[in-house]
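Student:
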Amino acid sequence: MRINTSKTIKNGIEEYRWHYDSTTCTSFIDKLKVDISIFYGAHLLFHGVLYAMPLFLLYLSGYLSYTYCCIISTVYLSTYLFHKPFYCLNNTLPWYPDSYKRANFWEWMKFYVDWLVIRRGADELYQRNNFLFAIAPHGILAVNRIQMMGHMWFDQVMPAAFGRYAAAWPQFFVPGVRETSICAGAVDASKSTLDTIMKNGESIYLWPGGTKELLTTDPDSKDSKMVIYDRYGFIKMALIHGIDIVPVMQFGEKWLYKKHVFHMFNDVFYKYFKTPAIIFFGRWCTMIPFGERENGKPIRMGMVVDTPIKVPKIAKEEIDFETHIKPLHFEYIQRMKALFDTYKKDFHYDDDETLTFISCKS
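Numbered per our numbering, the sequence shown spans residues 141 to 502.
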């Protein structure tokens with residue numbers, strides 16, 4: 141397996157590409173690496189079962205009694221009451237294992253869908269330590285978040301800016317999902333938590349459209365939707381901290397899974413848990429993502445990272461919507477539109493594929 145890198149000049153701006161060429165995975169070992177890693181990544185919701193397997197095997201083999209299994213399980217579940225590093229309480233950033241975030245298996249996953257990442261702009265533009273990466277569209281699982289995992293992102297794409305995922309709080313209360321999220325450096329998406337991250341000089345990977353945007357994901361539609369027209373909070377946050385906004389357009393995810401929404405329960409789930417009432421499935425009705433669209437075209441996933449939008453630092457009480465927030469918000473939307481139209485063919489999108497901006501009230 142080989143990652144092809146290239147550098148060109150496009151519209152007067154340096155452009156860097158990292159292509160995870162799936163055609164180079166020819167040996168049995170390479171294919172096995174990809175299959176095992178994608179199985180692990182795709183079954184995030186079942187990581188609790190995976191991590192509990194050693195305990196279960198010890199019980200089956202007789203090395204661990206039922207009583208001890210119950211004690212261990214009780215101790216583990218009790219940690220949900222007091223071990224909450226993802227909230228960054230007392231201005232403390234959560235620990236994460238660097239070896240996990242930089243592990244090779246994150247890179248192997250990307251060969252499954254011929255992954256492509258494009259970064260616009262020279263290295264010098266990304267030398268500061270913290271940015272607000274505003275990423276869209278969300279997709280069903282925001283699978284493109286694995287781009288910010290693996291050594292390539294930290295060594296070549298964004299070597300100076302370490303970031304934290306902003307995630308909905310329910311995922312930190314699901315066994316297995318919690319452990320994976322913490323190890324990946326994820327934090328709660330609340331304003332107070334994100335403020336703490338930025339005050340401590342780290343970047344944020346944020347999907348402004350959130351769950352509302354997730355629900356617009358439609359693999360059968362030629363139109364991709366961004367829930368952005370009434371999303372101003374991330375702009376204000378960037379102004380308060382004086383952190384530049386990096387527009388990131390992600391491609392390909394809408395074809396990875398089919399979904400079904402339980403509309404009867406969806407409003408209740410969103411109100412109380414900030415998650416949608418949906419089920420989704422990929423190949424063979426499992427969580428393994430599809431590799432091809434229904435028309436037979438191969439799916440290519442990835443993202444385009446645009447040059448940072450310069451954001452001044454302004455005191456919270458002095459921020460004016462018309463003067464400060466609205467112009468930056470408009471520029472972000474224009475940048476995202478340009479990224480989609482310019483690069484959609486690189487990700488096997490048809491000429492008539494479009495991007496529409498909507499309100500969360502739509």
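The beta-carbon is built from N, C-alpha and C at its ideal position, and this holds for glycine as well.
Using a threshold of 9 angstroms, state whether the C-beta atoms of Lys365 and Thr351 are closer than that.
Tutor: No, they are not a contact pair.
Student: Quick one: is Asn435 buried, meaning 16 or more other Cβ sit within 10 Å of its Cβ, or exposed?
Tutor: Its Cβ having fewer than 16 others within 10 Å, Asn435 is exposed.
Student: Candidates Val283, Ile322, Arg259 and Trp395: which alpha carbon is nearest Ile149's?
Tutor: When each option's Cα is compared against that of Ile149, the closest is Arg259.
Student: Got a sec? Which residues, its chain only, sit under 8 angstroms from Pro448 by beta carbon, not counting five neighbours each side?
Tutor: Result list for Pro448: Gly261, Leu265, Tyr266, Phe271, Asp384, Ile385 and Val386, in chain order.
Student: With distances taken between CB atoms, is the gap from Ala306 to Ser321 smaller than 9 angstroms?
Tutor: No; because the gap between Cβ atoms is not below 9 angstroms, this pair is not in contact.
Student: Can you tell me whether Leu495 is helix, strand or coil according to DSSP?
Tutor: Leu495: strand per DSSP, three-state reduction.
Student: Could you give the residue range of the alpha helix (DSSP H) that holds Val215?
Tutor: Element bounds for Val215: Tyr206 to Ser218.
Student: Determine the burial state of Ile428: buried for a count of at least 16 other Cβ atoms within 10 Å of its Cβ, exposed for fewer.
Tutor: Label assigned to Ile428: buried.
Student: Please classify Gly392 as buried or exposed, where buried requires at least 16 neighbouring CB atoms within 10 angstroms.
Tutor: Flag for Gly392 reads buried.
Student: Taking Asp370 as the reference, give the member of Arg142, Arg440 and Lys501 with the closest Cα.
Tutor: Of Arg142, Arg440 and Lys501, the residue nearest in Cα terms is Lys501.
Student: Can you give me the Cβ contacts of Pro237 inside the same chain, cut-off strictly under 8 angstroms, excluding the 5 residues immediately before and after it?
Tutor: These residues qualify, in order along the chain: Cys323.
Student: Kindly identify the DSSP beta-bridge partner or partners of Thr148.
Tutor: DSSP output for Thr148 lists Glu155 as bridge partner(s).
Student: Do the CB positions of Phe487 and Arg423 come within less than 9 angstroms of each other?
Tutor: Not closer than 9 angstroms, so no.
Student: Pick out the complete alpha helix (DSSP H) segments inside the region 393-462, 4 residues or longer, and give them in chain order.
Tutor: The qualifying runs are 403-413.
Student: How about Leu197: is its Cβ closer than 8 angstroms to a heavy atom in the ligand NAP?
Tutor: The ligand NAP is not part of this structure, which contains no ligands at all.
Student: Identify the continuous alpha helix (DSSP H) that holds Ala478 and give its terminal residues.
Tutor: Element bounds for Ala478: Lys466 to Tyr483.
Student: Can you list, in chain order, the residues of its chain with a C-beta nearer than 6 angstroms to that of Ser177? Leave out the 5 residues immediately preceding and following it.
Tutor: So the qualifying residues of the chain are Phe245, Trp248 and Met249.
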